[in-house]
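Visitor:
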Amino acid sequence: MGASTVKSTGLIKHQFRKTVGSETGFFVVLPLMAAVIFAFDLTMPLGIAAGIPYIALVLLGVWAPWSHHILTLGLVASILTITGFLFSSENSALWIVLTNRGLALFAIWSVTLVATLVNRERTALEEKTNLLTTSFDTISQAFSVFDATDTLIAFNRAYEKIFDFPPGFLRPGMPHEEILRWRANAGHFGDGNVEDLINARMNDINHGREFSRERTLPNGLIYSLQRRMMPDGSYVNTLSDITSYRRVQQVAAEKSAFLETTIKTMAHGFVAYCPSSYKLGQSSVRA
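When we follow our numbering, the leftmost residue of the sequence shown carries the number 250, and every step to the right adds one.
#1: Which residue comes first and which comes last in the beta strand (DSSP E) that contains aspartate 490?
#2: Would the segment 433 to 445 count as touching the segment 464 to 471 if we require 3 or more Cβ pairs under 8 Å?
#3: Can you list, in chain order, the residues of its chain whose CB lies under 7 Å from that of glutamate 459, leaving out five sequence neighbours each side?
#4: Which of the three DSSP states, helix, strand or coil, is assigned to alanine 284?
#5: Can we say the segment 277 to 287 touches the segment 315 to 333, given the rule of at least three CB pairs closer than 8 Å?
#6: What residue range does the beta strand (DSSP E) around alanine 397 cover?
#7: Under the rule that 16 or more other beta-carbon atoms within 10 Å means buried, what is leucine 508, buried or exposed?
#8: Taking DSSP as the reference, what is the three-state secondary structure of methionine 423?
#9: By DSSP's criteria, phenylalanine 404 is part of a beta bridge. Which residues make up the other side?
#10: When the Cα of threonine 387 is compared with those of Lys504, Leu401, Asp396 and Tyr408, which residue comes out closest?
#11: If I'm right that leucine 429 touches isoleucine 447 with Cβ under 8 Å, what's the distance once you round it to whole angstroms?
#12: What three-state label does DSSP hand methionine 479 in the structure shown?
#13: Tell me whether phenylalanine 460 sits in a helix, a strand or coil according to DSSP, three-state version.
#14: Measuring alpha carbon to alpha carbon, tell me which of Met423, Pro424, Arg406 and Gly422 ends up nearest proline 416.
#15: Please state whether DSSP places isoleucine 471 in a helix, a strand or coil.
#16: Rounded to a whole number of angstroms, what is the C-alpha to C-alpha distance between isoleucine 399 and phenylalanine 412?
#17: Return the Cβ separation of isoleucine 618 and serine 327 in integer angstroms, given the expectation that the two are a contact with Cβ distance under 8 Å.
#18: Which term fits glycine 270, buried or exposed, when burial requires 16 or more other beta carbons within 10 angstroms of its beta carbon?
#19: Would you report the Cα separation of valine 278 and tyrosine 303, rounded to the nearest angstrom?
#20: On the premise that leucine 401 lies in contact with serine 393, defined as a C-beta separation below 8 Å, what is that separation, rounded to the nearest angstrom?
#21: Using the Cβ count rule (16 or more neighbours within 10 Å means buried), how would you classify histidine 456?
#22: If you count every other CB in all the chains shown that lies within 10 Å of the CB of alanine 501, and 16 or more means buried, which is it?
#23: Excluding the 5 residues preceding and the 5 following arginine 432 in the sequence, name in chain order all residues of the same chain whose CB lies nearer than 8 Å to its CB.
#24: Can you grab the Cα-Cα spacing for the pair alanine 288 / alanine 364, in whole Å?
#25: Taking proline 221 as the reference, which of Asp396, Lys410, Glu444 and Val443 has the closest Cα?
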């Protein structure tokens with residue numbers, strides 16, 4: 250199967266889940282699918298299908314917006330199973346037909362129960378994930394998490410912002426090398442062969458090296474980077490924008506150097522103390 254075919258299939262599946270997962274889409278797909286299955290049931294003699302196809306209707310609930318929608322599907326599937334029994338042509342002994350339909354109803358409600366539990370667990374997981382994501386996004390410090398295969402697991406908005414990644418570029422599951430390649434092409438690692446720059450950084454990762462570094466981006470932003478390795482081979486990068494801090498340090502150093510030069514070039518001597526009796530500076534001139 251070609252890559253384009255796989256991609257197209259994935260897009261179709263994603264669009265289907267998106268459509269069914271919305272309230273409007275769910276109630277549009279539901280009657281269409283129910284009508285198709287019911288028509289199929291009516292065309293088959295009793296004892297052939299035995300109401301089993303209605304289980305597919307319940308499975309639709311896996312993508313339902315709410316768990317109570319699955320119960321609705323179970324009820325609809327049960328009604329159609331009984332209705333199909335009343336209107337389908339006879340083909341088997343009555344006791345066989347009733348037994349098959351009874352087993353079908355049992356299967357329908359078994360699947361309904363399982364699908365409801367799965368839906369509730371998924372909803373709870375999504376709520377926890379959203380809460381965790383929101384919490385991460387409120388943290389000013391940027392971070393990214395990669396697993397042992399150098400695959401991006403999680404990140405926050407500050408991480409996107411500090412490197413000015415294009416909207417939607419970062420996504421869970423993308424390889425770290427792809428991120429490094431974008432940064433190398435953006436000039437974040439300085440001049441040099443892109444592949445060599447990427448390999449040097451991947452070499453640090455593959456050897457499980459922890460480090461703390463400072464880097465300056467082409468736009469003048471200065472950030473500190475700390476990498477911590479986990480026992481399972483995954484690692485966490487934490488980054489802080491220290492541009493303002495370094496600029497304050499630079500200004501303070503320039504003022505200190507200027508003051509020292511001024512003191513040394515003065516024609517008369519002096520000693521200066523701050524209120525805590527700490528000597529700030531001294532200059533002396535020999536007669």
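We put the beta carbon where it would ideally sit given N, CA and C, even for glycine.
This one's a predicted model, so the numbers in the text were calculated from it and none came from an experiment.
Guide: For this structure:
#1: 484 to 490
#2: Here the segment 433 to 445 makes contact with the segment 464 to 471; the two share three or more CB pairs at distances below 8 Å.
#3: Apart from sequence neighbours up to five positions away, the residues of its chain that approach glutamate 459 with a beta-carbon distance below 7 Å are Arg476, Arg477 and Met478, ordered along the chain.
#4: helix
#5: yes
#6: Here alanine 397 belongs to no beta strand (DSSP E), and DSSP marks it neither H nor E.
#7: exposed
#8: coil
#9: Note: phenylalanine 404 sits in a beta bridge opposite Ser393.
#10: Tyr408
#11: With a contact defined as Cβ atoms closer than 8 Å, leucine 429 and isoleucine 447 qualify at about 5 Å.
#12: coil
#13: strand
#14: Arg406
#15: strand
#16: In the sequence as displayed, the identity of residue 399 is aspartate instead of isoleucine. Their Cα atoms are separated by approximately 19 Å.
#17: Nothing can be reported for residue 618, as the shown portion of the chain is limited to 250 through 536.
#18: Any reading at glycine 270 is ruled out, since the residue's pLDDT is 47, under 50, leaving its predicted position unreliable.
#19: 14 Å
#20: 7 Å
#21: exposed
#22: exposed
#23: Phe412 and Phe438
#24: 24 Å
#25: No statement about residue 221 is possible, as the shown extent of the chain runs from 250 to 536 and does not include it.
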